[in-house]
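Number of protein chains: 2
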Amino acid sequence: MVKIQEFQQIINDLIEKQDFAKSPTELYEPICYVMSQEGKRLRPLLTLLACDLFDGDIQQALYPAMAIEVFHNFTLVHDDIMDNAPLRRGKETVYKKWNSNIAILAGDTMFAMAYQYAVKTDPGLIPDILGVFSQAAIEVCEGQQLDMNFENTEKVTIDDYLNMIRLKTAVLLGASLKIGAIAAKADPESVKDIYQFGIHLGIAFQLKDDLLDVFGNEEKFGKKSGGDIVANKKTYLYLKARELADQLQLNELSILYKSQPEDPKEKIIKVKQLFNDLGIEACVSNVMEEYYEKSLEFLDAVNADKDKKAALRTFAEQLYHRVH
Amino acid sequence: MVKIQEFQQIINDLIEKQDFAKSPTELYEPICYVMSQEGKRLRPLLTLLACDLFDGDIQQALYPAMAIEVFHNFTLVHDDIMDNAPLRRGKETVYKKWNSNIAILAGDTMFAMAYQYAVKTDPGLIPDILGVFSQAAIEVCEGQQLDMNFENTEKVTIDDYLNMIRLKTAVLLGASLKIGAIAAKADPESVKDIYQFGIHLGIAFQLKDDLLDVFGNEEKFGKKSGGDIVANKKTYLYLKARELADQLQLNELSILYKSQPEDPKEKIIKVKQLFNDLGIEACVSNVMEEYYEKSLEFLDAVNADKDKKAALRTFAEQLYHRVH
Numbered sequence: 004m005v006k007i008q009e010f011q012q013i014i015n016d017l018i019e020k021q022d023f024a025k026s027p028t029e030l031y032e033p034i035c036y037v038m039s040q041e042g043k044r045l046r047p048l049l050t051l052l053a054c055d056l057f058d059g060d061i062q063q064a065l066y067p068a069m070a071i072e073v074f075h076n077f078t079l080v081h082d083d084i085m086d087n088a089p090l091r092r093g094k095e096t097v098y099k100k101w102n103s104n105i106a107i108l109a110g111d112t113m114f115a116m117a118y119q120y121a122v123k124t125d126p127g128l129i130p131d132i133l134g135v136f137s138q139a140a141i142e143v144c145e146g147q148q149l150d151m152n153f154e155n156t157e158k159v160t161i162d163d164y165l166n167m168i169r170l171k172t173a174v175l176l177g178a179s180l181k182i183g184a185i186a187a188k189a190d191p192e193s194v195k196d197i198y199q200f201g202i203h204l205g206i207a208f209q210l211k212d213d214l215l216d217v218f219g220n221e222e223k224f225g226k227k228s229g230g231d232i233v234a235n236k237k238t239y240l241y242l243k244a245r246e247l248a249d250q251l252q253l254n255e256l257s258i259l260y261k262s263q264p265e266d267p268k269e270k271i272i273k274v275k276q277l278f279n280d281l282g283i284e285a286c287v288s289n290v291m292e293e294y295y296e297k298s299l300e301f302l303d304a305v306n307a308d309k310d311k312k313a314a315l316r317t318f319a320e321q322l323y324h325r326v327h
Numbered sequence: 004m005v006k007i008q009e010f011q012q013i014i015n016d017l018i019e020k021q022d023f024a025k026s027p028t029e030l031y032e033p034i035c036y037v038m039s040q041e042g043k044r045l046r047p048l049l050t051l052l053a054c055d056l057f058d059g060d061i062q063q064a065l066y067p068a069m070a071i072e073v074f075h076n077f078t079l080v081h082d083d084i085m086d087n088a089p090l091r092r093g094k095e096t097v098y099k100k101w102n103s104n105i106a107i108l109a110g111d112t113m114f115a116m117a118y119q120y121a122v123k124t125d126p127g128l129i130p131d132i133l134g135v136f137s138q139a140a141i142e143v144c145e146g147q148q149l150d151m152n153f154e155n156t157e158k159v160t161i162d163d164y165l166n167m168i169r170l171k172t173a174v175l176l177g178a179s180l181k182i183g184a185i186a187a188k189a190d191p192e193s194v195k196d197i198y199q200f201g202i203h204l205g206i207a208f209q210l211k212d213d214l215l216d217v218f219g220n221e222e223k224f225g226k227k228s229g230g231d232i233v234a235n236k237k238t239y240l241y242l243k244a245r246e247l248a249d250q251l252q253l254n255e256l257s258i259l260y261k262s263q264p265e266d267p268k269e270k271i272i273k274v275k276q277l278f279n280d281l282g283i284e285a286c287v288s289n290v291m292e293e294y295y296e297k298s299l300e301f302l303d304a305v306n307a308d309k310d311k312k313a314a315l316r317t318f319a320e321q322l323y324h325r326v327h
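Protein chains in written order, with my numbering: chain A, 4 to 327; chain B, 4 to 327.
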């Protein structure tokens, strides 16, 4: 899709031309390190695509898109501290490469930088864009808190889980689109629809992430396979497995999810086996598809040129069929 | 001073009527805890006083003032993690009462909340106010980074130190005033002067803080006395002492500042004795007075009613003569 590639190039160029290498170096080196890693940069792409969908001026959405990417990276830097994650995009995380204090402070700085970018647009758009942005930021924090809560909560329901990933992941995809639509001065109904497109796509995206963590190709995925299992994470896969398991399987799963072996290989194999016995992969794939289809319905409902919607549809398809 | 009390009341009332007690409670309880502690709330007071100085509408400055107070409290929550500080305002710090992860995330949420408050003003003011706010936020982070750097830097100069406290402390006082002035649509020259008033007052304020940490009354100050000495902090007092010390005293100071005894009482007494021998209290007091006097010169230069300046002058005097 030409549009997607064109916008990706615009975003990559914009990020590349930023001067993150300021003083003190101890603070800005980690920021350079994070921002120079070519992640998927899905969120700013969504902002530009949404702006273009409503025939907006891409220039008005460009820095708000940048703001979202910087914000997203900030959340990863802080999340990795909280989750003790050693790797991100196949590289050492900031807290691991430097230390927690540096990661806290570099993250805080990125958050403030994100707001500096967010206001680089038509002044008349700023209140609305910032409203969406700050609200999303807060909800992302709430999602991360719920995610941490689940570690010490016995009874996590599937609805709890869906609410958590809505906040932690989907809201920012929705906000990325919404901000692009606002920058294009789209009609309020379409702004709502495009947001819901993002929410549903975001939930599908996270379910895919959960699936890839267990069933994905380690090298392509850029993270250690089975990381969620090692961390005893109560993902959709786990919660569904608990729902479908018989007493014997339930006991085994419980024991496995209380263990923290030094070498987790065997644990991962056993949990995977259980998931396979219960048909979890197909089951979660089905739920993911439902969210995916629902997201496309919201895209269809948007009041915009059908041809123009093709780019976002392609984006959704690529996300849905991704292997990493 | 009637004005100061009136504005303090307005700020206290505004903070009190905020509903911080949202869900998830694990995230918002620490925020309630922090925001319900009646700190000095100097910064929002400065914002209102500056707005009033230029005959502005206090209502336009009220939520930006709130934003600054929430932001300031967020920085304290994160700083306390980085500094391993157990106490703040005589109470347990968030990271100590809960844990680091909660403190990181509650802080992040407060940062986003601060921006939500910052935009609750005349839309025409938002770009300027946010520009000042984000710039200050970044500089505060830079200051904190420099502060952390000093721990592992042998050669910290007094200029390095002054630059660090300018960023870490003074900039936010300057920004508080500047935002109030912007809300009142003050002339650009006066905006600069009032900012410089804040910068110089802020440096004097921090020097006072350093003095109080060593020579202050523990109960009134709300922090453990000698905390900077225990932490081997390279404050102005320490750096001046190094400058004035003879070889023997220099050696003693070096040895003391490498030690981390389990019971620090004796260390504190010895360092204090050295400071006394070198006349450090008077020496730092003099420098502090210079910054204080300079701040008043900038206040004098401001293009505003002389009577109206009295409130800010009183504020400065109270800060200068405070004992805690």
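Built from N, CA and C at the ideal position, the CB exists for glycine as well.
* To do: Quick one: measure Cβ to Cβ for B/E29 and A/Q148, integer angstroms, because I've assumed they're closer than 8 Å.
  => Counting from 1 along the second sequence, the entry for residue 29 of chain B is found at position 26. Counting from 1 along the first sequence, the entry for residue 148 of chain A is found at position 145. Going by Cβ atoms, the distance from B/E29 to A/Q148 rounds to 6 Å, so yes, they are a contact pair.
* Asked: Alpha carbon to alpha carbon, what distance is there between B/H75 and B/L128?
  -> Indexing the second sequence from 1 puts residue 128 of chain B at position 125. Indexing the second sequence from 1 puts residue 75 of chain B at position 72. So the two alpha carbons sit approximately 21 Å from each other.
* To do: Would you kindly work out how many angstroms separate the C-alpha atoms of B/R245 and A/Y36, rounded to a whole number?
  => As a working mapping, residue 245 of chain B is identified with position 242 in the second sequence. As a working mapping, residue 36 of chain A is identified with position 33 in the first sequence. C-alpha separation (whole angstroms): 37 Å.
* Report the partner residues of B/R91 according to the DSSP bridge assignment. => Taking the second sequence and counting its residues from 1, the one referred to as residue 91 of chain B is at position 88. B/R91 is bridged to B/K94.
* Near A/A140, which residues of its chain fall below 7 Å by C-beta distance, leaving aside the five closest residues on each side in sequence? -> Numbered from 1 along the first sequence, position 137 holds the residue referred to as residue 140 of chain A. Within the same chain, A/A140 has close Cβ partners F74.
* Asked: Any Cβ of chain A within less than 7 Å of the Cβ of B/N152?
  -> As a working note, residue 152 of chain B is residue 149 in the second sequence. Closer than 7 Å: yes.
* C-beta atoms of A/I197 and A/L176 nearer than 7 Å -> One-based indexing of the first sequence puts residue 197 of chain A at position 194. One-based indexing of the first sequence puts residue 176 of chain A at position 173. It is not a contact, given that the beta carbons lie outside the stated cut-off.
* Where does A/P33 fall in DSSP's three states? -> Along the first sequence, read from residue 1 onward, the residue named residue 33 of chain A stands at position 30. Correct three-state label for A/P33: helix.
* Quick one: measure Cβ to Cβ for B/I283 and B/L240, integer angstroms, because I've assumed they're closer than 8 Å. => As a first step, residue 283 of chain B is located in the second sequence; it is residue number 280 there, counting from the start. As a first step, residue 240 of chain B is located in the second sequence; it is residue number 237 there, counting from the start. That pair is a contact at about 5 Å.
* **Neighbourhood of B/R46 by C-beta distance below 8 Å, restricted to the same chain and skipping five residues each side** => Counting from 1 along the second sequence, the entry for residue 46 of chain B is found at position 43. The answer, listed in chain order, is A68, I71, E72, H75, L175, L176 and S179.
* Asked: Near A/R169, what residues of its chain come up, given a Cβ to Cβ distance below 8 Å and the 5 sequence neighbours on each side ignored?
  -> Translated into positions along the first sequence, residue 169 of chain A becomes position 166. Closer than 8 Å at the Cβ level, and outside the excluded window around A/R169, lie G146, I202, G205 and I206.
* Asked: Can at least three beta-carbon pairs, one atom from the segment 182-199 of chain A and one from the segment 44-63 of chain A, be found at a separation below 8 Å?
  -> yes
* What number of angstroms, rounded off, separates the C-alpha of B/I105 from the C-alpha of B/V97? -> Here residue 105 of chain B refers to the residue found at position 102 when the second sequence is read from its first residue. Here residue 97 of chain B refers to the residue found at position 94 when the second sequence is read from its first residue. Roughly 8 Å separates the two Cα atoms.
* Asked: Just reading off the alpha helix (DSSP H) that A/S137 is part of, what are its end residues?
  -> Here residue 137 of chain A refers to the residue found at position 134 of the first sequence. It spans I129 to E154 - the alpha helix (DSSP H) in which A/S137 sits, taken as one unbroken run.
* Determine the chain A residues that contact B/Y118 at a beta-carbon separation under 7 Å, and present them in chain order. => Start at 1 with the first residue of the second sequence, and residue 118 of chain B comes out as number 115. The contacting residues are Y118, L133 and S137.
* **Status (buried if at least 16 other CB within 10 Å, exposed otherwise) for B/P126** => Counted from its first residue, the second sequence places residue 126 of chain B at position 123. By the 10 Å Cβ count, B/P126 comes out exposed.
* **B/Q12 versus A/T238 - alpha carbon distance** => The residue given as residue 12 of chain B occupies position 9 in the second sequence. The residue given as residue 238 of chain A occupies position 235 in the first sequence. Whole-angstrom Cα-Cα distance: 48 Å.
* Asked: Can you find a C-beta in chain B that's less than 7 Å from the C-beta of A/A115?
  -> Translated into positions along the first sequence, residue 115 of chain A becomes position 112. Cβ-Cβ to chain B under 7 Å: yes for A/A115.
* Asked: Could you give the distance in angstroms between the alpha-carbon of B/F10 and the alpha-carbon of B/L48?
  -> Working through the second sequence from its first residue, we reach residue 10 of chain B at position 7. Working through the second sequence from its first residue, we reach residue 48 of chain B at position 45. Roughly 6 Å separates the two Cα atoms.
* To do: Under the assumption that A/F136 contacts A/G110 (Cβ atoms under 8 Å), give the Cβ distance between them as a whole number of angstroms.
  => As a first step, residue 136 of chain A is located in the first sequence; it is residue number 133 there, counting from the start. As a first step, residue 110 of chain A is located in the first sequence; it is residue number 107 there, counting from the start. 16 Å between Cβ atoms; not a contact.
* To do: Identify the contact partners of A/L108 in chain B, using a Cβ-Cβ distance below 8 Å as the criterion.
  => Reading the first sequence from its first residue, position 105 is the one you call residue 108 of chain A. Chain B residues near A/L108: H81, M85, C144, Q147, Q148 and M151.
* **Stretch-stretch touch, CB-based, cutoff 8 Å, three pairs: the segment 207-221 of chain A with the segment 283-300 of chain A** => yes
* Cβ-based burial, A/V305 [other Cβ within 10 Å; buried from 16] -> Within the first sequence, residue 305 of chain A is the residue found at index 302, counting from 1. Label assigned to A/V305: buried.
* Asked: Is there a Cβ from chain A that is less than 7 Å from the Cβ of B/V5?
  -> Working through the second sequence from its first residue, we reach residue 5 of chain B at position 2. No, because no Cβ of chain A sits closer than 7 Å to the Cβ of B/V5.
* Can you tell me which of B/E32, B/K243, B/D16 and B/D58 puts its alpha carbon nearest to the alpha carbon of B/F311? => Position 308 of the second sequence holds residue 311 of chain B. Note that residue 311 of chain B is Lys in the sequence shown here, rather than Phe. Looking at the Cα atoms, B/D58 is the closest of the given residues.
* Asked: Got a sec, what are the start and stop residues for the alpha helix (DSSP H) A/T112 sits in?
  -> Residue numbering aside, residue 112 of chain A sits at position 109 when the first sequence is read from its first letter. Unbroken alpha helix (DSSP H) run through A/T112: S103 to A121.
* Check B/T78 in the structure and name its three-state DSSP category. => Within the second sequence, the letter at position 75 stands for residue 78 of chain B. The answer is helix: DSSP assigns B/T78 an H, G or I state.
* Secondary structure at A/A24, three-state DSSP: helix, strand or coil? -> Reading the first sequence from its first residue, position 21 is the one you call residue 24 of chain A. A/A24 falls in the coil class under three-state DSSP.
* Asked: Exposed or buried, B/A24, counting other C-beta atoms within 10 Å across all chains shown (16 or more means buried)?
  -> Position 21 of the second sequence, counted from the start, is the residue given in the question as residue 24 of chain B. Result: exposed.
* Who are the neighbours of B/P27 on chain A, taking C-beta pairs under 8 Å? -> Taking the first residue of the second sequence as 1, we reach residue 27 of chain B at position 24. The contacting residues are E145, Q148, L149 and N152.
* To do: Out of A/L242, A/G230 and A/E296, point me to the one whose CA is closest to A/R91's CA.
  => Within the first sequence, numbered from 1, the residue matching residue 91 of chain A stands at position 88. Nearest C-alpha to A/R91: A/G230.
* To do: Taking B/T112 as the query, report the chain A residues whose CB atoms sit under 7 Å from its CB, ordered along the chain.
  => As a first step, residue 112 of chain B must be located in the second sequence, where it is residue number 109. Within 7 Å Cβ-Cβ: I141 and C144.
* Asked: So which residues of chain A does B/P89 contact, with C-beta pairs closer than 8 Å?
  -> Reading the second sequence from its first residue, position 86 is the one you call residue 89 of chain B. Within chain A, no residue comes near B/P89; the closest Cβ sits about 16 Å away, beyond 8 Å.
* To do: Using a threshold of 7 Å, state whether the C-beta atoms of A/K6 and A/Y66 are closer than that.
  => Walking along the first sequence from the start, residue 6 of chain A turns up at place 3. Walking along the first sequence from the start, residue 66 of chain A turns up at place 63. No, they are not a contact pair.
* To do: For my contact list, A/Y295 and A/A319 are in at a C-beta cut-off of 8 Å; report their separation, rounded to the angstrom.
  => Walking along the first sequence from the start, residue 295 of chain A turns up at place 292. Walking along the first sequence from the start, residue 319 of chain A turns up at place 316. Indeed, because the Cβ distance is near 7 Å, the residues count as touching under 8 Å.
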